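These notes are about the structure you will find just below.
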Amino acid sequence: MSTDFERYDPVAIEEKWQAEWAEHGTNTFTTEALRAAENPFFNLMMFPYPSAEGLHIGNIYAFTGADVHGRYQRLNGRDVFEPMGFDAFGIHSENYALKVGVNPNDLIPRNVANFTRQLKRMGGMFDWDHAVDTTQPDYYKWTQWIFLELFKGGLAEQRDAPVNWCPSCMTVLANEQVISGLCERCDSQVEQRQFRQWFFNISRYADRLLDNLDGLDWSDRTRKAQANWIGRSEGAEVAFQVQGSERQLQVFTTRPDTLFGATYMVLAPEHELVDELTTDAQRSAVEDYRSDVAGRDLVERQKTDKEKTGVFTGGFCINPVTGQPIPIWIADYVLMGYGTGAIMAVPGHDERDFEFATTFELPITRVIAAQGEDASSPLAEAYAGDGVLVNSGDFDGLSVDDAKRAIVDQLAQQGLAEAKTNFRLHDWCVSRQRYWGPPIPIIHCDTCGPVAVPVSDLPVLLPRVEDFKPDDSGISPLARVKEWYETQCPDCGADARRETDVSDTFLDSAWYFIRYPSAEFGEVPFDPELTAKWLPVDTYIGGHEHAVMHLMYARFITMALYDLGHIAFEEPFTRFRAHGLIINEGMKMSKSRGKVVLPDDIIEQYGADTLRVFLMFLGPFEQGGDYREQGIHGPHGFLSRLWQSVLEAEDRTPDPEVERKLHQTIRQVSEQLPDLQYNTAIAAMMEYLNVVRAGGRTAALGEVEPLVVMIAPFAPHLAEELHQRLGYNDGVFESASWPTYDPAKLVEESLEIVVQVQGKVRGQIQVATDADEDTVTQAALANDNVSRFLDGKTVRKTIYVPGKLINIVVG
Ligand SMILES: [Zn+2]
Ligand SMILES: [Zn+2]
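Take our numbering: the last position of the sequence shown gets the number 881, and nothing is skipped along the way.
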């Protein structure tokens with residue numbers, strides 16, 4: 071073996087090929103090419119927030135996994151469109167601008183430039199001609215247009231609403247952004263405030279958003295998270311008559327079968343009937359409790375593990391099935407925002423009600439019993455299991471499911487119940503009292519109300535504001551810019567005022583994938599023909615943390631655009647895969663804990679290809695892995711050996727043993743790559759290269775050429791360079807196709823079977839590995855040496871040990 075081969079110099083190779091790709095437009099489509107593509111494959115990954123100093127290793131991990139997928143599809147003959155962009159509006163970017171004290175109008179373009187440099191350096195197959203930046207007027211003009219389409223379609227409206235308010239970020243938070251009562255960004259205690267807000271009526275789409283999940287090829291855990299978030303519950307609304315009053319209390323329950331066990335009622339302290347229901351004797355206790363609760367935030371109130379608190383109002387209502395009066399309480403864990411703000415408490419069969427009843431010595435009745443269980447046996451804890459009804463009058467003996475229907479039917483006849491479906495999904499609050507976002511394109515007129523800005527006046531430009539810091543008033547910084555918000559009503563011409571809230575970043579990212587193919591069009595949000603050709607997205611890869619917000623909002627906006635007649639599909643992402651997270655030396659990577667690894671130094675030292683292979687080798691891509699930097703030597707050594715083997719390869723016939731291993735490897739890698747099983751595919755290629763180089767042997771060309779193609783999705787620069795050195799003029803992604811394996815070459819061709827006669831070895835035969843017993847027997851009997859020992863004797867039987875030996879018994 072020669073030792074003076076040219077060393078693998080990743081930095082030089084990578085610079086060369088990145089320049090080559092840019093110059094030849096290897097990864098970019100012209101509009102004509104987008105229109106002409108015969109086998110389109112839209113490979114989407116979640117575009118980054120360019121908020122911090124740069125991409126960290128976790129971002130590179132996600133993008134590399136998605137890029138490997140796109141490159142693999144391309145080598146399999148697909149026309150792969152892999153765009154990239156920047157989700158550059160919003161609180162992440164704005165908070166970072168506040169932290170470093172630079173106006174986001176100056177800071178964000180710098181961040182975008184740095185992110186772009188890093189993304190190019192990692193060797194992604196990104197179509198930079200179709201990049202989008204959500205802060206550019208040519209993009210947010212159409213974000214505003216979408217807002218107006220929803221407004222005109224009756225899907226956007228303004229209303230007063232209690233909201234989660236972070237006093238430190240000085241902004242409204244979605245429920246999902248409140249973790250254990252604290253702001254997910256800054257860990258401040260979240261407060262509850264009332265604001266006039268813009269909402270999108272996503273809850274009207276709840277059924278469809280849930281039902282469509284069945285038809286989507288998505289990661290299971292993501293689908294489950296969506297289903298939970300939508301939270302459809304089938305049940306009934308039941309009316310409880312207030313004792314001594316014409317009033318009724320409406321209650322939603324998913325367990326009408328347990329109505330006979332409803333021994334008391336609990337209202338939210340804010341419920342409108344509390345004043346009326348409260349007796350004089352209880353009034354001061356109720357008032358004290360209500361003012362106490364007013365200071366608690368919504369999330370804290372719903373925690374199940376906290377001590378139960380509550381107060382009796384003094385009032386009673388009638389259980390509609392028993393006809394008996396039950397006491398009415400108020401407690402903080404019942405909220406107005408969910409259902410009706412009142413619950414029927416069934417302590418026998420609900421854990422929280424059981425604890426509450428135990429604390430306040432309220433009656434506990436068993437109404438469900440497991441088969442064979444004694445109906446009168448006392449309950450030591452809430453029984454949530456299945457069974458039959460007991461202590462339930464005429465309904466005793468019915469199953470839970472039958473009783474649900476029967477009890478609701480009977481109450482419905484009396485006008486006291488109605489079957490109903492409830493959802494956990496709330497309408498989407500899209501207004502933000504912040505600066506860094508697209509202004510909501512509405513003009514408020516005293517006479518006409520909220521009026522849409524005419525489309526011809528879009529975009530409503532975000533003015534440059536030096537004092538962009540939000541304050542505790544909860545009013546947008548734009549409300550301080552009089553010369554901006556003073557305008558005329560488009561309808562009547564009177565003096566009017568622009569909406570000074572900006573829209574939620576999640577609206578920017580709810581449609582960016584539709585914009586990508588049409589990124590260069592100024593006159594339309596998306597070109598109908600290109601949209602029809604490229605969408606819905608074939609594969610979307612991103613973080614599971616976006617399962618409930620981004621992915622839900624993108625599905626909703628897509629459905630709304632479909633309903634409004636703008637696009638022909640209602641689901642945006644045919645296939646979604648959530649990637650895993652990587653941790654650093656066993657610790658979670660997070661900015662606040664200083665465990666973030668930046669890719670730049672590693673790429674400078676080992677090259678992007680090595681980093682890519684290393685990251686994809688850390689563990690199953692959908693599960694993540696533990697990043698330990700010393701581990702990078704393995705992948706680096708592998709690529710160096712591959713480099714050496716290809717440069718040294720001889721033009722001769724491949725060795726059959728090596729060739730068999732090659733075909734086995736091709737099969738394994740071809741099966742695993744589409745399923746994102748990258749780590750095991752890389753392991754198979756490493757193992758194969760070891761076979762090629764076993765004992766210091768030099769490779770034959772045919773043994774390593776297919777490996778160059780198979781490693782290309784992971785190490786695209788190295789593959790390009792080797793492909794060129796193998797004599798090809800066109801790039802590996804343009805001219806090579808994915809290697810195929812020959813099933814006939816997968817298996818050992820033959821094996822040796824020992825032949826015995828009367829237990830003594832008399833010969834060996836070669837048979838095909840898949841030969842059956844009959845074939846083996848015939849071959850054994852035909853063997854020259856064996857037949858000498860059989861001469862003149864009768865074969866009584868044969869004993870075959872598959873793959874090993876055959877014993878011939880004669881007599
Ligand atoms: Zn905060
Ligand atoms: Zn007007």
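Even glycine gets a Cβ: it sits at the ideal position worked out from N, Cα and C.
Treat the numbers as computed from the prediction; the structure is a model and nothing was measured.
TODO: Return yes when the C-beta of S163 is under 7 Å from any heavy atom of ligand 1, and no when it is not.
DONE: Result no, Cβ not under 7 Å from ligand 1.
Open item on the list: Only counting the same chain, and skipping five residues up and downstream in sequence, which positions put a Cβ closer than 6 Å to that of S883?
Closed with: Here the chain comprises residues numbered 71 to 881, so residue 883 is not present and cannot be evaluated.
- [ ] Compare the beta carbon distance of G592 and D203 with 8 Å and say whether it is the shorter of the two.
- [x] No, the Cβ-Cβ distance between G592 and D203 is not below 8 Å.
- [ ] State buried or exposed for Q188, treating a residue as buried only when at least 16 other CB atoms are found within 10 Å of its CB.
- [x] So Q188 counts as buried.
TODO: Using the DSSP secondary-structure output, state which residues sit across from I869 in a beta bridge.
DONE: Residue pairing from DSSP places I869 in a beta bridge opposite N877.
Task: Close-in-space but distant-in-sequence residues of the same chain around T73 (CB under 6 Å, 5 per side omitted) - done: Its pLDDT being 49, under 50, T73 is placed unreliably by the model, and the measurement read from it follows with that caveat. When the five nearest sequence neighbours on each side are left out, no beta carbon in the same chain lies closer than 6 Å to the beta carbon of T73.
Open item on the list: Using only the alpha-carbon positions, how far apart do E536 and G507 sit?
Closed with: Here the alpha carbons of G507 and E536 stand approximately 15 Å from one another.
Open item on the list: Between C562 and ligand 1, is there a pair consisting of the residue's CB and a ligand heavy atom that are separated by less than 7 Å?
Closed with: No.
TODO: Tell me, to the nearest whole angstrom, how far the beta carbon of I513 is from that of P560; I am working on the premise that it is less than 8 Å.
DONE: With 8 Å as the limit, I513 and P560 qualify as a contact, their Cβ atoms being about 6 Å apart.
- [ ] Quick one: using the 10 Å Cβ neighbour count with 16 as the cut-off for buried, is G128 buried or exposed?
- [x] Buried.
- [ ] Go ahead and pull the three-state DSSP assignment for Y166.
- [x] Y166 falls in the helix class under three-state DSSP.
- [ ] Going by CA-CA distance only, name the one from L145, P120, R353, R77 that's closest to P883.
- [x] A question about residue 883 goes unanswered here, because the residues of the chain that appear run from 71 up to 881.
Task: Cβ-based neighbour list, R866, same chain, cut-off 8 Å, excluding 5 preceding and 5 following - done: Counting only Cβ-Cβ distances below 8 Å, and skipping sequence neighbours, we find V879, V880, G881.
Open item on the list: So if DSSP puts S121 in a beta bridge, which residue, or which two residues, is it bridged to?
Closed with: DSSP lists no bridge partner for S121.
- [ ] With a cut-off of 7 Å, give the chain-ordered residues whose Cβ is closer than this to any heavy atom of ligand 1.
- [x] In chain order, the qualifying residues are C236, S238, C239, C253, R255, C256, S258.
Open item on the list: Tell me which residue opens and which closes the beta strand (DSSP E) that H649 is part of.
Closed with: In the DSSP annotation of this structure, the continuous segment of the beta strand (DSSP E) that includes H649 starts and ends at 643-649.
Task: Residue environment, H139, which counts as buried when at least 16 other CB atoms sit within 10 Å - done: Taking every protein chain shown into account, the CB of H139 has 16 or more other CB atoms within 10 angstroms, so this residue is buried.
TODO: Taking 8 Å as the threshold, find out whether the stretch 255-262 comes into contact with the stretch 622-633 through three or more Cβ pairs.
DONE: By the C-beta criterion, the stretch 255-262 is judged not to be in contact with the stretch 622-633, since fewer than 3 inter-stretch pairs fall below 8 Å.
- [ ] Measure the C-alpha to C-alpha separation of A306 and T324 and round it to an integer number of angstroms.
- [x] Using only the alpha carbons, I get a separation of about 6 Å.
Task: DSSP-derived helix/strand/coil call for H341 - done: In this structure, DSSP gives H341 a state outside helix and strand, which the three-state scheme calls coil.
- [ ] Could you say which of I673, E843, F708, T723 lies nearest to L125 if we only look at CA atoms?
- [x] Considering only alpha carbons, the answer is I673.
- [ ] Measure the Cβ-Cβ separation of P705 and F684 and say whether it is below 8 Å.
- [x] Yes, the Cβ-Cβ distance between P705 and F684 is below 8 Å.
Open item on the list: Between the alpha carbons of L681 and R105, how many angstroms are there, rounded?
Closed with: Near 35 Å, if we compare the C-alpha coordinates of R105 and L681.
Task: Distance cut-off 7 Å: V521 Cβ against heavy atoms of ligand 2 - done: V521 Cβ: within cutoff of ligand 2.
- [ ] Identify, in the order they occur along the chain, each residue of the same chain with its Cβ nearer than 7 Å to the Cβ of S715, setting aside the five sequence neighbours on each side.
- [x] Correct list, in chain order: L759, V762, R763, A769, V774.
TODO: Taking the CB atoms as reference points, tell me whether T292 and A648 lie closer together than 8 Å.
DONE: In this structure, the beta-carbon distance from T292 to A648 falls below 8 Å.
Open item on the list: Using a Cβ-Cβ cutoff of less than 6 Å, which residues in the same chain neighbour A789 once the five nearest sequence positions on both sides are dropped?
Closed with: Cβ within range, chain order: V778, I781, A782, V802.
Open item on the list: Please tell me whether, using a cut-off of 7 Å, the distance from the CB of T517 to the nearest non-hydrogen atom of ligand 2 is below it.
Closed with: Distances taken from the Cβ of T517 to the heavy atoms of ligand 2 include one shorter than 7 Å.
Task: Contact test: C499 Cβ vs ligand 2 heavy atom, cutoff 7 Å - done: With a cut-off of 7 Å, the C-beta of C499 is classified as distant from ligand 2, since no heavy atom of the ligand falls inside that distance.
Open item on the list: Per DSSP, what are the beta-bridge partners of V824 in this structure?
Closed with: BP columns for V824 point to Q834, L875.
TODO: Give the secondary structure of I388 by DSSP, where H, G and I count as helix, E and B as strand, and everything else as coil.
DONE: Three-state DSSP puts I388 in a strand.
Open item on the list: If the criterion is Cβ atoms closer than 8 Å, does the pair I161 and T213 meet it?
Closed with: Contact: no.
Open item on the list: Is C387 near ligand 2 - that is, is its Cβ less than 7 Å away from at least one heavy atom of it?
Closed with: Outside the cutoff, so no.
TODO: From the DSSP output, in three-state form, read off T73 for me.
DONE: Caution is warranted here: a pLDDT of 49 is assigned to T73, below 50, making its placement in the model unreliable, and no coordinate value can be reported.
Open item on the list: Could you compute how far the alpha carbon of Y870 sits from the alpha carbon of V827?
Closed with: Approximately 12 Å between the Cα atoms of the pair.
Task: 8 Å contact criterion, which A754 and V739 should meet: CB distance rounded - done: Contact flag correct, Cβ pair sits at about 6 Å.
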